[in-house]
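Okay, so here's the structure we're looking at.
In our numbering, the protein residues as written are 7 to 176.
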(Lines of atoms letter the chains of each structure in order from A; the text may use other names.)
(Lines give C-alpha, C1' and ligand atoms only; values in the text may rest on other atoms or scores of the structure.)
Protein backbone atom coordinates (compact mmCIF):
# COMPACT_ATOMS: atom_id res chain seq x y z
CA UNK A 7 0.00 0.00 0.00
CA UNK A 8 1.28 3.46 -0.91
CA UNK A 9 0.14 6.86 0.30
CA UNK A 10 -0.12 9.75 -2.10
CA UNK A 11 -0.46 13.32 -0.88
CA UNK A 12 -1.65 15.66 -3.62
CA UNK A 13 -1.32 19.36 -2.80
CA UNK A 14 -2.28 22.35 -4.84
CA UNK A 15 0.11 25.27 -4.34
CA UNK A 16 -0.98 27.91 -1.83
CA UNK A 17 -2.62 31.20 -2.82
CA UNK A 18 -0.47 33.25 -5.18
CA UNK A 19 -0.13 36.98 -5.65
CA UNK A 20 -1.87 37.74 -8.93
CA UNK A 21 -1.02 41.44 -8.54
CA UNK A 22 2.69 40.74 -8.29
CA UNK A 23 4.77 42.67 -10.81
CA UNK A 24 6.75 39.69 -12.08
CA UNK A 25 7.70 38.94 -15.65
CA UNK A 26 5.75 35.72 -16.16
CA UNK A 27 3.22 33.37 -14.58
CA UNK A 28 5.88 30.89 -13.46
CA UNK A 29 7.54 33.64 -11.39
CA UNK A 30 4.38 34.56 -9.43
CA UNK A 31 5.01 34.27 -5.63
CA UNK A 32 2.65 33.45 -2.78
CA UNK A 33 0.53 36.21 -1.29
CA UNK A 34 0.13 36.73 2.47
CA UNK A 35 -2.63 34.16 2.75
CA UNK A 36 -0.53 31.63 0.86
CA UNK A 37 2.46 32.32 3.10
CA UNK A 38 0.23 31.63 6.12
CA UNK A 39 -1.61 28.58 4.73
CA UNK A 40 1.32 26.54 3.40
CA UNK A 41 3.10 26.07 6.75
CA UNK A 42 -0.24 25.46 8.50
CA UNK A 43 -0.91 22.58 6.10
CA UNK A 44 2.58 21.24 6.81
CA UNK A 45 1.90 21.40 10.56
CA UNK A 46 -1.37 19.53 10.02
CA UNK A 47 0.43 16.81 8.06
CA UNK A 48 3.08 16.55 10.78
CA UNK A 49 0.43 16.27 13.52
CA UNK A 50 -1.02 13.28 11.63
CA UNK A 51 2.42 11.71 11.20
CA UNK A 52 2.22 12.10 7.42
CA UNK A 53 5.82 13.02 6.69
CA UNK A 54 6.54 12.05 3.07
CA UNK A 55 9.53 10.04 1.91
CA UNK A 56 9.69 12.25 -1.18
CA UNK A 57 8.42 15.72 -2.07
CA UNK A 58 8.14 16.50 -5.78
CA UNK A 59 7.04 19.96 -6.90
CA UNK A 60 6.39 22.13 -9.89
CA UNK A 61 9.22 24.63 -10.41
CA UNK A 62 6.83 27.61 -10.37
CA UNK A 63 7.78 30.07 -7.61
CA UNK A 64 4.39 29.69 -5.89
CA UNK A 65 4.73 25.88 -5.88
CA UNK A 66 8.36 26.03 -4.72
CA UNK A 67 7.43 28.36 -1.86
CA UNK A 68 4.56 26.05 -0.91
CA UNK A 69 6.73 22.91 -0.98
CA UNK A 70 9.47 24.68 0.99
CA UNK A 71 7.09 25.93 3.72
CA UNK A 72 5.43 22.51 4.06
CA UNK A 73 8.81 20.75 4.18
CA UNK A 74 10.09 23.09 6.91
CA UNK A 75 6.95 22.50 8.99
CA UNK A 76 7.44 18.74 8.58
CA UNK A 77 11.14 18.80 9.45
CA UNK A 78 11.87 17.57 5.91
CA UNK A 79 15.21 18.65 4.42
CA UNK A 80 14.29 21.31 1.85
CA UNK A 81 17.43 20.45 -0.14
CA UNK A 82 15.81 17.06 -0.82
CA UNK A 83 12.72 18.50 -2.55
CA UNK A 84 12.61 17.41 -6.18
CA UNK A 85 11.47 19.78 -8.92
CA UNK A 86 10.20 18.71 -12.31
CA UNK A 87 9.58 21.13 -15.17
CA UNK A 88 6.89 18.72 -16.40
CA UNK A 89 4.75 19.55 -13.33
CA UNK A 90 4.31 23.22 -14.27
CA UNK A 91 0.60 23.51 -15.21
CA UNK A 92 0.59 19.74 -15.85
CA UNK A 93 -2.52 17.87 -16.96
CA UNK A 94 -3.65 14.59 -15.37
CA UNK A 95 -1.71 12.38 -17.80
CA UNK A 96 1.53 14.25 -17.10
CA UNK A 97 0.94 14.08 -13.34
CA UNK A 98 0.31 10.34 -13.61
CA UNK A 99 3.48 9.79 -15.64
CA UNK A 100 5.50 11.73 -13.04
CA UNK A 101 3.99 9.58 -10.28
CA UNK A 102 4.71 6.38 -12.18
CA UNK A 103 8.37 7.36 -12.12
CA UNK A 104 8.29 7.54 -8.31
CA UNK A 105 8.25 3.77 -7.80
CA UNK A 106 10.99 2.66 -5.44
CA UNK A 107 11.32 6.08 -3.77
CA UNK A 108 9.31 5.27 -0.66
CA UNK A 109 5.76 4.53 0.38
CA UNK A 110 4.56 8.13 0.82
CA UNK A 111 4.94 10.88 -1.79
CA UNK A 112 3.84 14.53 -1.64
CA UNK A 113 3.21 16.07 -5.05
CA UNK A 114 2.80 19.88 -5.23
CA UNK A 115 1.29 21.15 -8.47
CA UNK A 116 -1.46 23.24 -10.09
CA UNK A 117 -5.09 23.25 -11.14
CA UNK A 118 -6.88 22.20 -13.27
CA UNK A 119 -4.60 19.14 -13.37
CA UNK A 120 -4.87 18.47 -9.64
CA UNK A 121 -8.68 18.63 -9.68
CA UNK A 122 -8.73 16.23 -12.62
CA UNK A 123 -6.30 13.81 -10.95
CA UNK A 124 -8.18 13.78 -7.62
CA UNK A 125 -11.49 13.12 -9.41
CA UNK A 126 -9.90 10.44 -11.59
CA UNK A 127 -8.20 8.59 -8.72
CA UNK A 128 -11.06 8.69 -6.23
CA UNK A 129 -13.16 5.57 -5.83
CA UNK A 130 -16.02 7.81 -4.59
CA UNK A 131 -16.81 11.40 -5.59
CA UNK A 132 -14.62 13.70 -3.47
CA UNK A 133 -16.29 16.38 -1.33
CA UNK A 134 -16.38 19.92 -2.68
CA UNK A 135 -15.73 23.06 -0.66
CA UNK A 136 -18.58 25.44 0.16
CA UNK A 137 -17.68 27.46 -2.94
CA UNK A 138 -18.12 24.36 -5.13
CA UNK A 139 -14.39 23.92 -5.76
CA UNK A 140 -12.39 20.75 -5.16
CA UNK A 141 -8.67 21.49 -4.77
CA UNK A 142 -8.71 25.00 -3.38
CA UNK A 143 -5.32 26.65 -2.88
CA UNK A 144 -3.14 24.73 -0.41
CA UNK A 145 -5.63 21.84 -0.22
CA UNK A 146 -4.19 18.38 0.43
CA UNK A 147 -5.80 15.13 -0.69
CA UNK A 148 -4.51 11.95 0.96
CA UNK A 149 -4.96 8.76 -1.06
CA UNK A 150 -4.21 5.15 -0.22
CA UNK A 151 -3.18 3.30 -3.37
CA UNK A 152 -3.19 -0.49 -3.65
CA UNK A 153 0.07 -2.33 -4.23
CA UNK A 154 3.59 -0.98 -4.34
CA UNK A 155 4.60 2.24 -6.04
CA UNK A 156 2.45 4.87 -7.63
CA UNK A 157 1.09 3.22 -10.77
CA UNK A 158 -2.50 4.41 -10.39
CA UNK A 159 -5.62 3.40 -12.23
CA UNK A 160 -8.94 5.23 -12.54
CA UNK A 161 -11.09 4.93 -9.42
CA UNK A 162 -8.46 2.88 -7.58
CA UNK A 163 -7.52 5.44 -4.95
CA UNK A 164 -9.14 5.45 -1.54
CA UNK A 165 -9.45 9.10 -0.52
CA UNK A 166 -8.58 9.07 3.19
CA UNK A 167 -8.84 12.78 3.72
CA UNK A 168 -9.20 16.06 1.88
CA UNK A 169 -8.17 19.05 3.96
CA UNK A 170 -8.39 22.68 3.00
CA UNK A 171 -6.77 25.51 4.99
CA UNK A 172 -10.18 26.98 5.84
CA UNK A 173 -11.18 23.70 7.46
CA UNK A 174 -8.15 23.52 9.77
CA UNK A 175 -8.80 24.18 13.44
CA UNK A 176 -7.28 27.50 14.53
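Beta carbons are placed, not taken as given, at the ideal position from N, Cα and C, and that holds for glycine.
Alpha-carbon spacing of residue i relative to residue j, whole angstroms
i           : j           : result
residue 7   : residue 111 : 12 Å
residue 153 : residue 24  : 43 Å
residue 51  : residue 92  : 28 Å
residue 40  : residue 15  : 8 Å
residue 107 : residue 151 : 15 Å
residue 27  : residue 128 : 30 Å
Under the three-state DSSP convention, the category residue i falls into
i           : result
residue 72  : helix
residue 136 : coil
residue 6   : No information on residue 6 is available, as it lies outside the stretch 7 to 176 that the chain covers here.
residue 127 : helix
Exposure label - residue i; buried when at least 16 CB within 10 Å
i           : result
residue 49  : exposed
residue 148 : buried
residue 95  : exposed
Cβ distance (whole Å) where residue i is taken to contact residue j below 8 Å
i          : j          : result
residue 57 : residue 73 : 6 Å
Host alpha helix (DSSP H) of residue i (start-end)
i          : result
residue 43 : 34 to 49
residue 3  : No statement about residue 3 is possible, as the shown extent of the chain runs from 7 to 176 and does not include it.
Range of the contiguous beta strand (DSSP E) that encloses residue i
i          : result
residue 57 : 56 to 59
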